[in-house]
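Residue numbers for the sequence shown follow my numbering, so the first one is 13 and each next one is one higher.
The structure appears right after this line, and notes come after that.
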Amino acid sequence: MIRVIYRWRVETARQGDFAAWWHEGTLRIRSTQPGAMGSTLLRTPDDDDLVIGIARWQSEEELTAFWERMSPLEFSGAVLASMEILEEIDHLTLEAES
């Protein structure tokens, strides 16, 4: 498993729309793309314009194949500041029951 950390600069007025875009995109990607395991969207209390998305994929190969099939991540009012791919060593997070 891998995690991809996306750091976005999002205009304050667009953050609600950005969160909805991320949510819908994650649901669509998770249901249609091999290896997609979903994501989490976070905001840091220290920087109002910084929004962090953490996506989980079964493998870097599946992530790369997804990127080759899809257009770049773009949202009006947001700039992708950085992206980092990390190998998951252990996963102990409890998930809330739906």
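Ideal Cβ positions, reconstructed from N, Cα and C, are used throughout, including at glycine.
If you compare the alpha carbons of A108, Q27, E107 with that of T56, the shortest gap goes to Q27. Separation of the CB atoms of I66 and R15 is rounded to 6 Å, and the pair is thereby assigned contact status at 8 Å. I17 and E96 have their C-alpha atoms spaced approximately 5 Å apart. Taking each of V22, A90, L98 in turn and checking the Cα distance to E72, the smallest one comes out for L98.
Annotation: L85 to L92 spans about 8 Å, alpha carbon to alpha carbon. In this structure, the CA atom of S51 is about 6 Å from the CA atom of R68.
Distance from the Cα of L54 is smallest, within the candidate group G47, R81, V22, S83, for V22. The Cβ atoms of E80 and P46 do not sit closer than 8 Å to each other. In the structure shown, A108 falls within a coil segment according to DSSP collapsed to helix, strand and coil.
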